[in-house]
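Structure first, then comments.
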Amino acid sequence: MNVDRESLVARQVAEIIIGYVDFLEIPDEDIVNPDNAMQMMEYLAAQLEGLEKGFLRQLVDAFYAIADESTGETREAVRNIPHGFYLEEALAADDPVRLAELEAIRDARD
């Protein structure tokens, strides 16, 4: 598969995930049951962590690219998806030094 095509697919998947997360974060309990939303977010997190690492890297990069093209709250919300799902940590699972760096970044951010 050609790199441009893979990037396009990663971007499309990122846009689907953004819509999914946006819907599940609706604060109106009459629209989305908070317990069900949490279960679906946990399911999504598990599925994302299980992706092939090369594709996951492209997906994370796609989130950042989409965020850079967005403004205001949308920019922050999209940029927070890789953070909220620990995707950088999933990518660095075999690299203790990078995991330590990510932990320090997370501690400073949270």
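Counting in this note's numbering, the sequence shown runs from 5 upward without gaps.
Backbone N, C-alpha and C fix where the C-beta goes; we use that ideal spot for every residue, glycine too.
All of these numbers come straight from a predicted model, not from anything done at the bench.
Which residues mark the beginning and the end of the alpha helix (DSSP H) in which residue i is found?
i	result
Glu93	Leu91 to Leu95
Asn84	Gly76 to Gly88
Ile35	Run containing Ile35: none; DSSP gives neither H nor E here.
Leu103	Pro100 to Arg113
Glu73	Lys57 to Glu73
Quick one, are the C-beta atoms of residue i and residue j less than 8 Å apart?
i	j	result
Leu63	Val17	yes
Phe27	Val13	no
Phe67	Pro86	yes
Leu136	Phe89	For the chain, the structure presents residues 5 to 114; residue 136 sits outside this window and is missing.
Could you give the distance in angstroms between the alpha-carbon of residue i and the alpha-carbon of residue j?
i	j	result
Arg61	Thr75	23 Å
Ala94	Asp34	34 Å
Ala50	Gln43	11 Å
Ala97	Ala104	11 Å
Ala112	Glu80	17 Å
Leu106	Asp32	33 Å
Assign residue i to one of two classes, buried (16 or more other C-beta atoms within 10 Å of its C-beta) or exposed (fewer than that).
i	result
Val82	buried
Ala71	buried
Ile22	buried
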